[in-house]
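2 protein chains.
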Amino acid sequence: MKRVTIKDIAKELNLHHSTVSRALRDEKSINPRTREKVLAYARKRGYQINRSALQLRGDKNNVIGIVVPNINHSFFSNYVSLVTDLAFKHGFVVSVFQSNESLDQEQEIIKALIQQNVSGVIASVSMETKNASHFSLLSDFHIPLILFDRVDFSLPVPKVVLNNTEVLQNTVKLFASRGYKRVAYLSGTPVSSVFADRQKGYFEGIEQAGLSYRHCKIIENFTLEESQEALNQLFGNDAPDALICDSHIFMLGAIMKLQKLGMKIPEDFGLAGFGSFTGMPLISPGLIMLKQPENEMAEAAFSLLIEAIEDKSKIEKDETILCKASILETGSEGKLYTQ
Amino acid sequence: MKRVTIKDIAKELNLHHSTVSRALRDEKSINPRTREKVLAYARKRGYQINRSALQLRGDKNNVIGIVVPNINHSFFSNYVSLVTDLAFKHGFVVSVFQSNESLDQEQEIIKALIQQNVSGVIASVSMETKNASHFSLLSDFHIPLILFDRVDFSLPVPKVVLNNTEVLQNTVKLFASRGYKRVAYLSGTPVSSVFADRQKGYFEGIEQAGLSYRHCKIIENFTLEESQEALNQLFGNDAPDALICDSHIFMLGAIMKLQKLGMKIPEDFGLAGFGSFTGMPLISPGLIMLKQPENEMAEAAFSLLIEAIEDKSKIEKDETILCKASILETGSEGKLYTQ
DNA sequence: TATTTTATTGCACACGTGTGCATAGACTAT
DNA sequence: ATAGTCTATGCACACGTGTGCAATAAAATA
Chain A
5 MKRVTIKDIA
15 KELNLHHSTV
25 SRALRDEKSI
35 NPRTREKVLA
45 YARKRGYQIN
55 RSALQLRGDK
65 NNVIGIVVPN
75 INHSFFSNYV
85 SLVTDLAFKH
95 GFVVSVFQSN
105 ESLDQEQEII
115 KALIQQNVSG
125 VIASVSMETK
135 NASHFSLLSD
145 FHIPLILFDR
155 VDFSLPVPKV
165 VLNNTEVLQN
175 TVKLFASRGY
185 KRVAYLSGTP
195 VSSVFADRQK
205 GYFEGIEQAG
215 LSYRHCKIIE
225 NFTLEESQEA
235 LNQLFGNDAP
245 DALICDSHIF
255 MLGAIMKLQK
265 LGMKIPEDFG
275 LAGFGSFTGM
285 PLISPGLIML
295 KQPENEMAEA
305 AFSLLIEAIE
315 DKSKIEKDET
325 ILCKASILET
335 GSEGKLYTQ
Chain B
5 MKRVTIKDIA
15 KELNLHHSTV
25 SRALRDEKSI
35 NPRTREKVLA
45 YARKRGYQIN
55 RSALQLRGDK
65 NNVIGIVVPN
75 INHSFFSNYV
85 SLVTDLAFKH
95 GFVVSVFQSN
105 ESLDQEQEII
115 KALIQQNVSG
125 VIASVSMETK
135 NASHFSLLSD
145 FHIPLILFDR
155 VDFSLPVPKV
165 VLNNTEVLQN
175 TVKLFASRGY
185 KRVAYLSGTP
195 VSSVFADRQK
205 GYFEGIEQAG
215 LSYRHCKIIE
225 NFTLEESQEA
235 LNQLFGNDAP
245 DALICDSHIF
255 MLGAIMKLQK
265 LGMKIPEDFG
275 LAGFGSFTGM
285 PLISPGLIML
295 KQPENEMAEA
305 AFSLLIEAIE
315 DKSKIEKDET
325 ILCKASILET
335 GSEGKLYTQ
């Protein structure tokens, strides 16, 4: 009734456990007859290797840690889903942690990752984390780390990020080229590298397009309520004629606001934004969708990690992979502006 | 530069490793002066316990396995998020697996869970899994299992499910009481317990309400395209005047269809469905939302698991916790029909 | 002072696995 | 027949931790 081990098999077959171990690993030094006997008995008893024992010997335990601010967020859940599949295909198992945007929890998570002896970590830092130096504890334990999307550029590790600055520049310029003059922006707190970079891009884009109107509203929590409040202020006086949103929730709020005002997209108003939900293209045509290449980003992060796990000398490789968002317009079929 | 172990600390302080172990665990038999010395040095060197070694001794490793069909699905991502937080608060770590609705992968996952020596598992079985007997392998290894949402009632383990049959009965009857005569249903394949139960409830509800119209369309893949195809057939001839949807995607398709037909909700047509997305209540008022008590379900599953982990005699307790969905109507404020 | 109790620490083992080395037996070649 | 090679298996150790028991020293009691 107990879990069967290599020693159990050895005792049963009157062999030494080392012989059984070798047989199970298909070592050439083992007599084929013996190997068959061992394999047959192991199968019969449902033997499963004990990875804790392996790990204790110094072998890798093939666990990858994934740290995200919140799993229940379409971007991150998709990303976790992709990495989980990639990992499983490569014989890894994932441990998932969410920081809930809290620095304290992030620190606890790092301890847990170390105690678990994970083979490597991919992390997106929390909003609260201005300084991600606690992540360097991982390198003290020789655990490779890849930063993803929300990164701290001061950490000397490989990173995968979106071309946030450029996308905002291009979106503003696209609007300008279409004749919109008053392009506003609903963003998140610039503590996060993502939003800081985008805000930089927004202002640069305004500059480059020769526009004068500039309104960037910061939204703390990505809820419909907060976005509507911000929209009311924005439309109160000095209203925009185009808007870029950092979240599909903001876009939803904007669509509703515009419906109330009786304004049509894109004739009366230009609307662009990151993220989408099922059917959004069909609810309102003429939307500019800023699409992150999620598969590409996940795959890049994963292969960087595998590389670092297999060759630890690369842990400190301070390389940044910049993935390009595409700018699409909803309609009968999505039109591609930038790849 | 190497990871510091108990033995390292012992050597440095001229103590036996067992003494250090006891000091770190705050055993009363240790001299307070010694303990302080050990703690100070451990802190200084950044000692972190090695859970693999612990686990090898037979102690629990505090890893919980979560198996879902797909992480990137709002219901499951929310559920994984909730369980992850609960687990972390209780000193557990989660390993997440997705079966991609594939039986093969599910079997691989079970092996991985056993090799990892997880303390317990919460699983939702895949669509492809008609017979979940492979899960019983876990019990051979004395690993507690809780089934969640998508369950196989033939397995003698604790389960947490929604009152699927009842909800569909009640929704049909609610529509009937409001004067709708032709209530249709868009569902998933009844291989899954969830949809089988709901379909049963639909037909029972029709029966109990004394209606004659009955149209239950099965949709294989929950995409907007497939749902629109089904809706076109449904509205082709013998059209319904009310519809119950198993997914917010179907609801979205229906809303768009109704807009095209110029029909208003709820005056001309009754629409109900499971799942929601941000802002749905504001897109169309008068919707009947069938809301799963996600927190309650996650908490129930988690506490069942903890119970089973702490007292293995309860592993085989074949108990089913039935959580009640609420039936809400969107509007200025959600109106509650059933708790 | 002799003896018993108490306080603190060390020793040895176990958990499951893999590997370098030694050993034993069988076969080959001179 | 003796030495040498090859084949197959056993032995012993290591990984990091915790615990029952033994041992030592110090303190308390008689």
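Line order of the protein sequences matches chains A and B. Just so we're aligned: 137 in our numbering is position 133 of the first sequence, and the numbers increase by one with no gaps anywhere. Just so we're aligned: 334 in our numbering is position 330 of the second sequence, and the numbers increase by one with no gaps anywhere. We put the beta carbon where it would ideally sit given N, CA and C, even for glycine.
| Query | Result |
| --- | --- |
| Collapsed DSSP secondary structure at V171 of chain A in the structure displayed | helix |
| Backbone secondary structure at Q343 of chain B - three-state DSSP | Because Q343 of chain B carries a pLDDT of 48, less than 50, the predicted location of this residue cannot be relied on, and the following value inherits that uncertainty. Q343 of chain B falls in the coil class under three-state DSSP. |
| Span of the alpha helix (DSSP H), counted from its first residue to its last, around I2 of chain B | No answer is possible for residue 2 of chain B: it lies beyond the span of chain B, which begins at 5 and ends at 343. |
| When A:L308, A:A46, A:L294 are compared against I331 of chain A, the one with the closest alpha-carbon | A:L294 |
| Per-residue contacts from D153 of chain A into chain B (C-beta, under 7 Å) | Ordered by position in chain B, no residue passes the 7 Å Cβ test against D153 of chain A, which lies about 16 Å from the chain. |
| Own chain, CB closer than 7 Å to S81 of chain B, minus 5 neighbours either side, in chain order | I75 |
| Length-filtered (3 minimum) beta strand (DSSP E) runs lying within the segment 37-111 of chain A | 67-72, 97-102 |
| Endpoints, beta strand (DSSP E) assigned at I150 of chain A | 149-152 |
| F239 of chain B: contacting residues in chain A (beta-carbon distance under 7 Å) | None at all; the shortest Cβ gap to chain A is about 17 Å. |
| Boundaries (first-last residue) of the beta strand (DSSP E) holding K11 of chain B | Element bounds for K11 of chain B: not the beta strand (DSSP E) but the alpha helix (DSSP H), 10-17. |
| Secondary structure, alpha helix (DSSP H): runs of 4+ residues fully inside the segment 192-235 of chain B | 197-213 |
| Beta-carbon proximity of H138 of chain A to Q111 of chain A, cut-off 8 Å | yes |
| Same chain, Cβ closer than 6 Å to T88 of chain B, five either side skipped, listed in chain order | V98 |
| Cα-Cα separation, R186 of chain A to D242 of chain A | 9 Å |
| DSSP three-state assignment for A116 of chain A, whether helix, strand or coil | helix |
| Sufficient close CB pairs (3 or more, under 8 Å) joining the segment 250-260 of chain A to the segment 224-234 of chain A | yes |
| Residues within the segment 49-63 of chain A neighbouring chain B, beta-carbon criterion of under 7 Å | G50, Q52, I53, N54, R55, S56, A57, Q59, L60 |
| Short Cβ contact (8 Å threshold) for I292 of chain A with G124 of chain A | no |
| Nearest neighbour of S25 of chain A, chosen from A:R7, A:M5, A:I53 [CA to CA] | A:I53 |
| Where L262 of chain A falls, given that 16 or more other Cβ within 10 Å makes a residue buried | buried |
| Interface flag, T334 of chain A vs chain B, CB-CB below 8 Å | no |
| Through-space distance from A136 of chain B to K328 of chain A, alpha-carbon basis | 43 Å |
| Contacting positions in the segment 125-145 of chain B - beta carbon closer than 7 Å to chain A | D144, F145 |
| Spatial distance of M5 of chain B from D315 of chain A (CA atoms) | 17 Å |
| Cβ contact check for the segment 35-45 of chain A and the segment 38-50 of chain B: 3 or more pairs under 8 Å | no |
| Secondary structure of V125 of chain A, DSSP reduced to three states | strand |
| Closer than 8 Å to chain A by CB, V164 of chain B | no |
| Test: D156 of chain A CB closer than 8 Å to a CB of chain B | no |
| Short CB-CB distance (under 8 Å) between Q343 of chain B and chain A | Legend: pLDDT at Q343 of chain B = 48, less than 50; position of this residue unreliable, value from coordinates given subsequently. For Q343 of chain B, the answer is no, since every Cβ of chain A falls outside 8 Å of its Cβ. |
| Interface residues of chain B facing D89 of chain A [CB-CB closer than 8 Å] | Q102, N104 |
| Within-8 Å CB hit, H20 of chain B to chain A | no |
| Short CB-CB distance (under 8 Å) between V171 of chain B and chain A | no |
| Strand pairing of A329 of chain B, partner residues [DSSP] | Its beta-bridge partners do not exist; DSSP assigns none. |
| Within 8 Å, strictly: CB atoms of Y45 of chain A and A302 of chain A | no |
| N167 of chain A beta carbon near the ligand ADP (any heavy atom closer than 7 Å) | Looking at this structure, you won't find the ligand ADP or any other ligand, since it has none at all. |
| A243 of chain B - DSSP class collapsed to helix/strand/coil | coil |
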